[in-house]
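Peer 1: The sequence shown begins at 2 in UniProt numbering and counts up one residue at a time.
Here it is: the structure, laid out below.
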Amino acid sequence: TMLLDYQNRRLRFGLDGKVCLAEFVSAREEPCYLYDLRHFTQRYRHFQETFADLPHMIHYAVKANAHPTFLRRVVELGGGADVVSGGELQRALEAGVPPERIIFSGVGKSHAELRLAISLGIKQINIESVGELRRIIALAETLDRPARVAFRFNPSVDAETHPYIATGFRSHKFGIDAEAVMACLALAAEARQWVRIVGISLHIGSQILDVGNFAEALRNTRPLAAALREQGFPLSTLDVGGGFGIHYDTGDESRELTNFAHYTEVIRQGTQGLADEILFEPGRFLVARCGVLLARVEYVKTTPYKTFVIVNTGMHHLIRPALYQARHRILPVVLHSERVSRVDVVGPLCESSDFLAQDIELPEVHEGDWLAIADAGAYARSMASEYNLHPFPDEQFIA
Ligand code: LLP
Numbered sequence: 002t003m004l005l006d007y008q009n010r011r012l013r014f015g016l017d018g019k020v021c022l023a024e025f026v027s028a029r030e031e032p033c034y035l036y037d038l039r040h041f042t043q044r045y046r047h048f049q050e051t052f053a054d055l056p057h058m059i060h061y062a063v064k065a066n067a068h069p070t071f072l073r074r075v076v077e078l079g080g081g082a083d084v085v086s087g088g089e090l091q092r093a094l095e096a097g098v099p100p101e102r103i104i105f106s107g108v109g110k111s112h113a114e115l116r117l118a119i120s121l122g123i124k125q126i127n128i129e130s131v132g133e134l135r136r137i138i139a140l141a142e143t144l145d146r147p148a149r150v151a152f153r154f155n156p157s158v159d160a161e162t163h164p165y166i167a168t169g170f171r172s173h174k175f176g177i178d179a180e181a182v183m184a185c186l187a188l189a190a191e192a193r194q195w196v197r198i199v200g201i202s203l204h205i206g207s208q209i210l211d212v213g214n215f216a217e218a219l220r221n222t223r224p225l226a227a228a229l230r231e232q233g234f235p236l237s238t239l240d241v242g243g244g245f246g247i248h249y250d251t252g253d254e255s256r257e258l259t260n261f262a263h264y265t266e267v268i269r270q271g272t273q274g275l276a277d278e279i280l281f282e283p284g285r286f287l288v289a290r291c292g293v294l295l296a297r298v299e300y301v302k303t304t305p306y307k308t309f310v311i312v313n314t315g316m317h318h319l320i321r322p323a324l325y326q327a328r329h330r331i332l333p334v335v336l337h338s339e340r341v342s343r344v345d346v347v348g349p350l351c352e353s354s355d356f357l358a359q360d361i362e363l364p365e366v367h368e369g370d371w372l373a374i375a376d377a378g379a380y381a382r383s384m385a386s387e388y389n390l391h392p393f394p395d396e397q398f399i400a
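Written out as structure tokens, the structure is:
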């Protein structure tokens, strides 16, 4: 099924072409994120059912999109959350995620954040340095609450993705290597009553389409898992992180679902016999597709060099094109003609990085027309700012 599809030259959005976007925007002036919760649910179920025979837990990566509606749905579906800050932890709790279904990741957890996590007794804290382990042991003792900890292992995999979102290579700030894990074990052994080593976590990056990268990470993890077992720390959990990518270049999801099937095979084989429970932290795969960012054309500005379609949204509401050279498809909400021209789609902000697309072929559009920017469910609103004091766009769900 196509989430975005034309019917009589009008763009429809949602599973089974639920909403006519021209109707949806007719009374609107400001940009808006529009989400299809059914599609999110379908993706989640697909993920869950694929791994039905594997003892596992899905911890939705809250950073991808922290809207409470998604979080509540995850809870209803039996899932949990992966959080990376006190703010996300609070948001997950408010949405009803039980602490025993929350994982806390990130390299820079503060005293206050760790105190909150430990006193709540969350499922596990994925630690990324020896210093963090020391801090956790001290806090657990003060709070008189033991903490469950997993080592975020850096498997030194040079994943094929944009350099800003690759995280699993040895030169990255993320994770710790096998030697540092061993150093941590000595500390943990001395403080057994305050810290329980429950597992290993991995997250090698985001928007990864080559499943071989995941296979390599898991291969590199095996010796460490064996070493931990030998030292008397068998893995209760193996957290394989998130990172599985989507095909932004097309609205046809079949290719990525086929690739997802390959991913599931890699995970199945790569995790065999390693831990009692496999944890996942997917973000983008679950939520990217189910959102569009709707924007109105303010001006079409032609210069001797270029044509600029100036819209009322920009990098403040979707920074991915500016930051990662990401290409999100842009579709007119009403198709006037088949004629296309080469344009840049830009926002109102006062800098040249403020573009949504450069040098793309766009069907004819005029002032007052609306555009749909595809696949804006993940890392769009969650990375948005009020730069230039434009308010955050509304977020709506189709009924
Ligand atoms: N787990 C951890 C520890 C992570 O750091 C992330 C994402 C995820 C899970 C979820 O990854 P996903 O399944 O969504 O790929 N802003 C960038 C993406 C940054 C991802 C950061 N970490 C973008 O817009 O492409």
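Just so you know, even glycine gets a beta-carbon here, dropped at the ideal spot from N, CA and C.
All figures in this text were calculated on a predicted structure; none of them were measured in a lab.
Alpha carbon to alpha carbon, what distance is there between A118 and A141?
Peer 2: Start at 1 with the first residue of the sequence shown, and residue 141 comes out as number 140. Start at 1 with the first residue of the sequence shown, and residue 118 comes out as number 117. So the alpha carbons of these two residues sit roughly 10 angstroms apart.
Peer 1: For L372 and I399, I'd like the C-alpha separation in whole angstroms.
Peer 2: Stepping through the sequence shown from its first residue, residue 372 is reached at position 371. Stepping through the sequence shown from its first residue, residue 399 is reached at position 398. Each residue's Cα considered, the two are about 17 angstroms apart.
Peer 1: Quick check on S207: buried or exposed, where buried means 16 or more other Cβ atoms within 10 Å of its Cβ?
Peer 2: For this step, residue 207 is matched to residue 206 along the sequence shown. With 16 or more Cβ atoms within 10 Å of its Cβ, S207 is classed as buried.
Peer 1: Judging by CA-CA distance, which residue of S353, H112, D83 and I128 is the nearest neighbour of E101?
Peer 2: Indexing the sequence shown from 1 puts residue 101 at position 100. Comparing Cα positions, the closest option is D83.
Peer 1: Excluding the 5 residues flanking I56 on each side, which residues of the same chain have their C-beta closer than 8 angstroms to its C-beta?
Peer 2: The residue given as residue 56 occupies position 55 in the sequence shown. Checking the displayed sequence, the identity of residue 56 turns out to be Pro instead of Ile. Answer for P56: D277, E278 and I279, listed in chain order.
Peer 1: Got a sec, what are the start and stop residues for the alpha helix (DSSP H) E362 sits in?
Peer 2: The residue labelled residue 362 in the question sits at position 361 within the sequence shown. No alpha helix (DSSP H) contains E362, which is instead part of the beta strand (DSSP E) from F356 to P364.
Peer 1: Looking at the unbroken beta strand (DSSP E) that takes in I374, where does it start and where does it end?
Peer 2: Taking the sequence shown and counting its residues from 1, the one referred to as residue 374 is at position 373. Element bounds for I374: W371 to I374.
Peer 1: Measure the alpha-carbon distance for D355 versus T143 and round it to whole angstroms.
Peer 2: As a first step, residue 355 must be located in the sequence shown, where it is residue number 354. As a first step, residue 143 must be located in the sequence shown, where it is residue number 142. C-alpha separation (whole angstroms): 48 angstroms.
Peer 1: With a CB to CB cut of under 6 angstroms and the five nearest residues on each side skipped, what residues in its chain are close to H163?
Peer 2: For this step, residue 163 is matched to residue 162 along the sequence shown. Once the five neighbours on either side are set aside, the close Cβ partners of H163 are Y325.
Peer 1: Do E282 and ligand 1 come close, with the Cβ less than 7 angstroms from some heavy atom?
Peer 2: What you label residue 282 is simply residue 281 of the sequence shown in a count that begins at 1. The answer is yes for E282.
Peer 1: Would you list the residues sitting across from K110 in a DSSP beta bridge?
Peer 2: For this step, residue 110 is matched to residue 109 along the sequence shown. Looking at the DSSP assignment, K110 forms no beta bridge with any residue, so it has no partner.
Peer 1: Is DSSP giving D6 helix, strand or coil here?
Peer 2: In the sequence shown, counting from the first residue as 1, residue 6 sits at position 5. If DSSP states are grouped into helix, strand and coil, D6 belongs with the strands.
Peer 1: Hey, is F152 close to ligand 1, as in C-beta under 7 angstroms from one of its heavy atoms?
Peer 2: Within the sequence shown, numbered from 1, the residue matching residue 152 stands at position 151. Flag unset: Cβ of F152 not near ligand 1.
Peer 1: May I ask which residues mark the beginning and end of the beta strand (DSSP E) holding F281?
Peer 2: The residue you call residue 281 lines up with position 280 of the sequence shown. That run of the beta strand (DSSP E) goes E278 to F281.
Peer 1: Measuring alpha carbon to alpha carbon, tell me which residue in I268, G213, L275 and L186 is nearest R223.
Peer 2: Taking the first residue of the sequence shown as position 1, residue 223 is located at position 222. If we check each option's Cα against that of R223, L275 comes out closest.
Peer 1: Tell me where the beta strand (DSSP E) around Y249 begins and ends.
Peer 2: Counting from one through the sequence shown, the residue named residue 249 turns up at place 248. Premise fails: Y249 is in no beta strand (DSSP E) and is neither H nor E.
Peer 1: Could you tell me the alpha carbon to alpha carbon distance between D370 and E396, rounded to whole angstroms?
Peer 2: Indexing the sequence shown from 1 puts residue 370 at position 369. Indexing the sequence shown from 1 puts residue 396 at position 395. Taking the straight line joining both Cα atoms gives about 20 angstroms.
Peer 1: For the alpha helix (DSSP H) holding H60, just list the boundary residues, first then last.
Peer 2: As a working note, residue 60 is residue 59 in the sequence shown. Run containing H60: none in the alpha helix (DSSP H); it sits in the beta strand (DSSP E), H57 to A62.
Peer 1: Taking 7 angstroms as the cut-off, is the CB of G244 close to at least one heavy atom of ligand 1?
Peer 2: Numbered from 1 along the sequence shown, position 243 holds the residue referred to as residue 244. Yes; taking the cut-off as 7 angstroms, the Cβ of G244 has a heavy atom of ligand 1 nearer than that.
Peer 1: Alpha carbon to alpha carbon, what distance is there between H173 and R73?
Peer 2: Numbered from 1 along the sequence shown, position 72 holds the residue referred to as residue 73. Numbered from 1 along the sequence shown, position 172 holds the residue referred to as residue 173. Cα to Cα, the separation comes out at about 33 angstroms.
Peer 1: With distances taken between CB atoms, is the gap from I331 to R290 smaller than 8 angstroms?
Peer 2: Position 330 of the sequence shown, counted from the first residue, corresponds to residue 331. Position 289 of the sequence shown, counted from the first residue, corresponds to residue 290. Cβ distance not < 8 angstroms, so I331 and R290 don't count as in contact.
Peer 1: State the Cα-Cα distance for the pair S338 and E362, rounded to the nearest angstrom.
Peer 2: For the purposes of this step, residue 338 is taken as the residue at position 337 of the sequence shown. For the purposes of this step, residue 362 is taken as the residue at position 361 of the sequence shown. Computed Cα separation, rounded: 13 angstroms.
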